[in-house]
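Input: a single structure, listed below in structure tokens.
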Amino acid sequence: MQCFVGIDLGSTTTKAVVMNEDLQVIGRGITNSRSNYDVAAEVAKQEALLNARFYLFRHSLDGVRALDGRLDSFLDQLVRDFRLEQFLEQLADLEQTCTANAAPDRFGADTAALHEALAEIFRRLNREAPAQFAAGANRKSDFFRDIAGSRYLAVGEEVAGECKLPFDYVLNVYDRSIIDVENRISDESLSDKLMRALDRTFIAFDDLSAASDAVRAPVKAALDMTLEETYVIGTGYGRARLPFSKEHIRSEILCHGLGAHVMYPDTATVLDIGGQDTKAIQVDPAGIVENFQMNDRCAAGCGRYLGYIADEMNLGLHELGPLALKSTRNVRINSTCTVFAGAELRDRLSLGEAREDILAGLHRAIILRAMSILSRSGGIRDQFTFTGGVANNGAAVKALKQLIKENYGDLTINIDPDSIYTGALGAATFARRAIEADAAQAGGH
Amino acid sequence: MSNAAPQDVIKEPSMLKQKEMIDTNFKSLSTANEEGRKVCSTFVPGNLNELLMCFDLVRNFPEINALQNGMRKKTGRLIMEAERNGQSEDVCTYVKSDLGMMLQGNIGPTGDKLPDPDVLLLSYTGCFTFMKWFELVREHYDCETIMLHVPYQADGKITQNMRDYVVKQLKEDVIPTLERVSGVKFDMDRLRQYMRESAKAEDDLVWILQSAKNKPSPIDAFFGGVYYIGPIFTAFRGTEAATEYYRTLRGEIEQRLANGQGPVTPEGDFGKERFRLVVEGTPNYTNFREFWKMFYDEGAVVVASTYTKVGGVYDFGFRHDPDHPIESLADYCLGCYTNLSLPARIRMLCNYMEDYQADGLVINSVKSCNSFSAGQLLMLREIEKRTGKPAAFIETDLVDPRYFSAANVKNRLESYFQMLQQKGAIQAA
Amino acid sequence: MTVQEIVDRCQALFDDLDFNAVKDWKAAEPGRKAIGYLPIYVPREIIHAAGMLPVGIFGGGDQLEVIHGDAYYQSYICRIPRSTIELGLTGRLDSLDGMLFPSICDVIRNLSGMWQLLFKDKYVRYFDVPQTYRDDIAGTFYIHELQSLRDDLGELVGRPISDDDLRQSIAVYNDNRKAIAALYQYRAERPWQAPTSELYLLLRAGMVLPVEEHSQLLRDYVAAAAEEERPRRDNCRVVVNGVFCEQPPLGLIKSLELAGCYVVDDDFLLITRWLLDDVPTAGDPLENLSKAFLHHSAATSAKFEPDKADKGKFLIEQVRSSGAEGVIFAAPSFCDPALLDRPMLQEALNKVDIPFTAFKYAENTGQLQAIREQAGTFADSIKLWSA
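The structure is reproduced here in structure tokens:
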């Protein structure tokens, strides 16, 4: 089938969306942007195509009687099993790479001991892996670097202690290896990995063994269908680094404008707060950008600022919003300068102000910056669509809603939980339109 | 876009001529002290070149030194030097580049030593920072400083009171002081003669800038324009050399026009003209070529700019007038672009948008120049409203490399050009 | 009235970003008009002579949330124009019938044009003052400018402003300058009795109150202050320089004293002390105002110093006459005049061995800890040095 792919190469994450001919989104993928944009784009695209595969499975398994009433849980299990397979594959790669990097020229007499320690670390990591991908397991992140990294450090410290080996050695080989591993794209076919995952899923659903063929056949059929990458469009901050020709690249402003329009066709004003920048975009009724403004060269008030604050407070980024929502008092924070964020924070804390109140003030300060950029772009018109990573932060959303009401009155405010894909969605839509335009041109001649 | 390899920069006769003129002036500056010629440092807006020539003064322009140093990538170091010496990171980088150069022995952009000035002519036109700049320079030299206070055209017109004030300062303060410093008696006829030359060059300059009304435009009126204004905004206004330069340049452009050619770029001929733009604001000099490339690679040509009016606004009829020399010097100073009110600047830009059939406006807002930058966001909004054409806003600096983020600028420009293209495609359909 | 009552009243006026004092003054008599002005100097005598209330607009302070004002400015421009625009766009300056923008710097200059565009129904004037000082050249120009302002305001109130009106207003402002000079002198002598945060609030009150009432308030304060004995601290004595336009937050001013520095002279609200001597009330009033400006006005960064030898002289004289032991340079971030002037003033202080320290602020600076530490260290070093 024909597929239209949009890839949004952001500063922190890379997103991909796959669309079919009818402009339906059939797959989404996300990965961390890492140091290698090519790989990030490729991985995000593979993830989106994989996601599209599951979309196809769902369709083809829809009529299978044995799965009546539990198609969702079956597919969820299949996804988890597939993730586990993927994880194990990368873990094997990591073990091999670490072992190779634990060479005598660097570790001398300790090399053998280090090899033994590594073998033990990976034995334990392999052993605990299935539990991490079990139903209901709580993973901090879906990216290999995050899951494997945090566990490697924990297990590595244990093992190093047991083997009387400096933990630094263990750390050192990991640091030398992770980037290579992260940037290697698997050469194993998707189909093989999926079939192994399916075997695992049948273990979980052991009563299905009788209907095994009835389930396997449609999955196989869906797997055999080619997903043709008919047209790919790249966007995002790193788009210039994509190995794409100029026709295959659109600015993120255009893509965000169109993406927001696709999600909410009555969108007139879009606000996107990402890691590196804040964008205010005005679109016409067809989703075409009429005007836009971005934050100036300083990153004050962007998502990254929240990152600094989280680090400063020793909290996870996702913990900031909920904590700020507990605030009971207004604290005015005037600076959204990332450089001063830490100092201001410590100053406030030393004055005895409550953490949650300061956090609420910080969120309001960020949104104030965004309000100014919106004002610069021509203000907020109905409907208003808020996208980007910060749109998932409840405290930021609360401050935004309040300020919009104070300054512009009652407006429809759209926030899609998947708004992180807005840019990629716009890019995919451009990809679909590019083919239409080509066809129209061909017809015209 | 071009057949020429990127490294060979195409030079036309006018360019070679200009290069020679600039080199000559730097050489003449470098030997002035030893040869006993007197030197005057002064600013571009409101510069009184014809008058200074009447006193045989060699003219040194600190702004030009700063921008030339910027183009040669020397300013980063100079600015840091000034900051180490107590200047704030917040303030104008032209000033800091100049002070840094002084601190490091006053070696000019071409490697020639710059002379100690005998007089600082503080033509106080359109920029408050000029005043602090020369107070700071004065700290280093024991020389006369002449303040020529040019009132601001706040209501968009030159009043008789403003003109009288400037004329009186010229007659009763500037000229007598210059006579005293130089030892040369003022000769009005000599001034008239220089002014006749000025007016000739000004006629040709206006023709050149207005050639951009053609489609395709044979010139780039900002990136190219920066070179075109070089002689007339500096030490050459009123000289025969300038007259000749502009005659040659005009001939070249007439030829390009006849051939239906676009502008010359550092990489050869411009490709297809896709977007016609008006630019407000100054260039960035540290990454001048890189910045320009972001435009011509996209087929964007600048058809009119305000920066090419900082050393004199000639395209609305003003000329140096040999019949009223002092009065016309006053009007010249009062009329420079940065001495115009914000509403007047907006009107001028809207005119340009219409007369030059521009598709859009790009504002390059520089950290260093509040005279230009403060209020540009309102200008942008007003001009969009009045013309219905979209505008883009870019932030860089004049000569501080720390303020040029290529990725950031390119991102904005690309987004803007794609937006223009999309809009254009819809309008065409 | 007690000190506390006076200070409370001034604090309330300071906190009121809606300028209710101006509204009340206008409402008291139909047809009254008010004219706003920005730092540093305008001849308020002319506004007063027209029967109008001159109102000083000194930004939005640290309590105003700036949204729309920020939309007009890049990050490398100071704060005062943004908060001033915010005040205007949110209707807080609606009670003003006009605005005067003195020639201080390019930012405020351009703000005058922005005001023309944003508030089309208001009287807006850029008030140019000479940077040369000869009566026959600059004086002639300046008197014309004064006359033109006089004509404009006369038109606005529907009656010409007579010479006698002007002479009377000059006398009223001479009196105000006397009252302010007395307050400054009192503080310089007994800084623990008249803390700078209070002096500052008193000066700010003068930006919105009728001048006659303000002069009385100043005298009441000095009288009331003399009635109370307040604890004297072992602080050093400093002159604050650079705060002539965008204002530091009140917290910052308090911090200086808490950190161990008594401010004994400063350049806050320079308009109140711009003219150094009484302006003669006899003779041509505009000529008198002009001569006072050209020959007897304060030195500041926004004013040209024709003689290199005189650079810094005014500041050094402030230090000497107030008995200060050092100078604190406090300049708003991105303030070209103050920041470019600073190295020259510092050089002048170096030559006469006056110690100084320097920092930047913004009107909404939230972090005072660093400033407190810096001022405290400065105070300690002065004590060590003089011991």
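Chains as they are written, first to last, in our numbering: chain A, 1 to 445; chain B, 446 to 874; chain C, 875 to 1261.
In this text, a Cβ means the ideal position worked out from N, Cα and C, and glycines have one as well.
This one's a predicted model, so the numbers in the text were calculated from it and none came from an experiment.
8 Å is my cut-off, CB to CB: does residue i come that close to chain C?
{"i": "arginine 857 of chain B", "result": "no"}
{"i": "phenylalanine 631 of chain B", "result": "no"}
{"i": "arginine 376 of chain A", "result": "yes"}
{"i": "glutamine 549 of chain B", "result": "no"}
{"i": "isoleucine 404 of chain A", "result": "no"}
{"i": "glutamate 584 of chain B", "result": "yes"}
{"i": "glycine 820 of chain B", "result": "yes"}
Against chain B, with Cβ distances strictly below 8 Å, would residue i count as a contact?
{"i": "glutamate 1179 of chain C", "result": "yes"}
{"i": "phenylalanine 384 of chain A", "result": "no"}
{"i": "asparagine 291 of chain A", "result": "yes"}
{"i": "arginine 304 of chain A", "result": "no"}
{"i": "isoleucine 253 of chain A", "result": "yes"}
{"i": "serine 1171 of chain C", "result": "no"}
{"i": "isoleucine 288 of chain A", "result": "yes"}
{"i": "tyrosine 408 of chain A", "result": "no"}
Identify the continuous beta strand (DSSP E) that holds residue i and give its terminal residues.
{"i": "arginine 956 of chain C", "result": "Note, arginine 956 of chain C: premise wrong, no beta strand (DSSP E); alpha helix (DSSP H) at 954-963."}
{"i": "proline 928 of chain C", "result": "927-930"}
{"i": "threonine 269 of chain A", "result": "269-273"}
{"i": "arginine 1111 of chain C", "result": "1110-1115"}
{"i": "glycine 972 of chain C", "result": "972-976"}
{"i": "methionine 294 of chain A", "result": "289-294"}
{"i": "arginine 883 of chain C", "result": "No beta strand (DSSP E) contains arginine 883 of chain C, which is instead part of the alpha helix (DSSP H) from 877-889."}
Using only the alpha-carbon positions, how far apart do residue i and residue j sit?
{"i": "threonine 97 of chain A", "j": "glutamine 86 of chain A", "result": "17 Å"}
{"i": "arginine 1107 of chain C", "j": "glutamate 1131 of chain C", "result": "9 Å"}
{"i": "leucine 523 of chain B", "j": "serine 419 of chain A", "result": "46 Å"}
{"i": "arginine 734 of chain B", "j": "arginine 721 of chain B", "result": "19 Å"}
{"i": "asparagine 183 of chain A", "j": "asparagine 36 of chain A", "result": "7 Å"}
{"i": "alanine 431 of chain A", "j": "asparagine 172 of chain A", "result": "44 Å"}
{"i": "histidine 115 of chain A", "j": "leucine 67 of chain A", "result": "46 Å"}
{"i": "aspartate 845 of chain B", "j": "valine 981 of chain C", "result": "20 Å"}
{"i": "glutamate 344 of chain A", "j": "aspartate 357 of chain A", "result": "13 Å"}
{"i": "lysine 518 of chain B", "j": "leucine 974 of chain C", "result": "42 Å"}
{"i": "alanine 450 of chain B", "j": "asparagine 392 of chain A", "result": "Note on alanine 450 of chain B: pLDDT 40, under 50, position unreliable in the model; the coordinate value appears next. Answer to the nearest angstrom: the Cα atoms are 49 Å apart."}
{"i": "alanine 852 of chain B", "j": "arginine 239 of chain A", "result": "11 Å"}
{"i": "serine 568 of chain B", "j": "threonine 538 of chain B", "result": "19 Å"}
{"i": "glutamine 614 of chain B", "j": "tyrosine 752 of chain B", "result": "27 Å"}
{"i": "arginine 53 of chain A", "j": "isoleucine 203 of chain A", "result": "22 Å"}
For residue i, would you say it is in contact with chain A, using Cβ-to-Cβ distances shorter than 8 Å as the test?
{"i": "glutamine 655 of chain B", "result": "no"}
{"i": "serine 786 of chain B", "result": "no"}
{"i": "glutamine 885 of chain C", "result": "no"}
{"i": "proline 835 of chain B", "result": "yes"}
{"i": "asparagine 1238 of chain C", "result": "yes"}
Looking at the unbroken alpha helix (DSSP H) that takes in residue i, where does it start and where does it end?
{"i": "lysine 1257 of chain C", "result": "1243-1260"}
{"i": "leucine 774 of chain B", "result": "770-780"}
{"i": "valine 611 of chain B", "result": "605-614"}
{"i": "threonine 1014 of chain C", "result": "1014-1031"}
{"i": "glutamine 700 of chain B", "result": "685-703"}
Would you check whether the ligand ZN has a heavy atom nearer than 7 Å to the C-beta of residue i?
{"i": "glutamine 605 of chain B", "result": "As far as ligands go, the structure on display features none, and thus does not contain the ligand ZN."}
| Just by C-beta distance, which residues in the segment 255-269 of chain A are closer than 8 Å to chain B? | none
| Residues in the segment 351-368 of chain A having any Cβ partner in chain C nearer than 7 Å | Leu368
| Residues from the segment 56-78 of chain A in contact with chain C, defined by Cβ distance under 9 Å | none
| request: Please name the residues in the segment 931-944 of chain C whose beta-carbon is closer than 9 Å to at least one beta-carbon of chain A, in chain order. | output: Asp936, Gln937, Glu939, Val940, Ile941, His942, Gly943, Asp944
| query | Taking any Cβ of chain B, which residues in the segment 1189-1211 of chain C have a Cβ under 7 Å from it, in chain order? | reply | Ser1207, Phe1208, Asp1210, Pro1211
| the segment 1240-1252 of chain C: positions lying closer than 8 Å to chain A by Cβ | Gly1240, Gln1241, Leu1242, Gln1243, Ala1244
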